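With the numbering used here, letter number 142 in the sequence shown gets 183, and the count goes up by one each step, no holes. One structure below.
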Amino acid sequence: MMEKIMLTLDEQVDEATKRMILHLIEKKMKYDHYKNTHFFILSFFILYCLTLLFICYTLIIVPNEYSIMKSITILLDKNHLIFLFLMAVFLFGALKFYYEKKEKAETEFHDLRCEIIDKSHDIWTEEHWSTRHRVFDEIKQQYDINLYYESK
C-alpha cells in the first residue's frame with residue numbers, strides 16, 4: 042500500500058514531504074491500533090463487571106438480603122470473589138492505560154495532520170497544485186486521513 046502512495050508522490054513532492062506523509066500514515070495506524078484495543082478492553086470490562094455483579098447478586102445478596110453486614114462478610118470470606126474483584130481493578134487499570142495511549146496517539150496524529158495542511162501551500166508548488174487533490178483523495182480513500190480541513 043505504501044509503495045502505491047510513494048508512486049503517486051514521486052513526481053510531485055520532495056523526499057521530506059514523502060517522509061511526512063508516511064509518518065502521518067504510521068501515526069494513523071498507531072492511533073487506530075490503540076483505539077481498537079481500548080474499545081475491546083472497554084467492552085470486555087463492561088461485560089466482566091456485569092457478570093461479576095450478577096454472580097455476587099445471586100450468590101450473596103439474594104440469600105442474605107436481610108443483613109448487609111452478613112453479605113459483606115461472606116463476600117470477603119470467599120477468596121475467589123476477591124480475586125475476581127482484583128481482576129476487575131486490573132482491567133480498569135488496563136482500560137485507563139490504553140485510554141491515555143489512545144489520546145496521546147490521537148493528539149500526535151492530529152498535530153502532524155494539521156502541520157501538513159498548514160504547509161500544503163509550501164509543499165505543492167504552482168505546477169503541482171492541481172494534482173494535490175488527487176493525492177489527498179487517494180490518502181483519504183486508502184487510510185481515511187483528511188488533508189483538506191483541520192477539523193477532526
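The beta-carbon is built from N, C-alpha and C at its ideal position, and this holds for glycine as well. Every value quoted in this text rests on a predicted model; they were computed, and no experiment measured them.
A distance of 8 Å or more separates the beta carbons of Y140 and H74.
With a beta-carbon spacing of about 6 Å, L122 and L116 fall inside the 8 Å limit used to define contacts.
Counting other Cβ atoms within 10 Å of its Cβ, W170 stays below 16 and is therefore classed as exposed.
L83 and L127 do not touch by the CB rule: their CB atoms are close to 19 Å apart, not below 8 Å. Going by DSSP, L65 is part of the alpha helix (DSSP H) stretching over 56-97. K69 is the residue among R60, A57, L94, K69 whose C-alpha sits nearest the C-alpha of D185. Following the DSSP letters along the chain, one finds L117 inside the alpha helix (DSSP H) bounded by residues 109-118.
Only residues of its own chain outside the window of five on either side were considered, and among them L188, Y189 have a CB closer than 7 Å to the CB of F177, listed in chain order. Rounded to the nearest angstrom, the gap between the Cα atoms of G134 and T92 is 18 Å. Under the DSSP assignment, I180 falls in the alpha helix (DSSP H) whose first and last residues are 173-184.
The shortest C-alpha to C-alpha distance from S161 to any of F95, I101, E191 is the one to E191. Of all alpha-carbon atoms in L88, I164, Y72, the one lying nearest the alpha-carbon of H151 is that of Y72. Judged by DSSP secondary structure, H169 falls outside any alpha helix (DSSP H); it is assigned neither H nor E.
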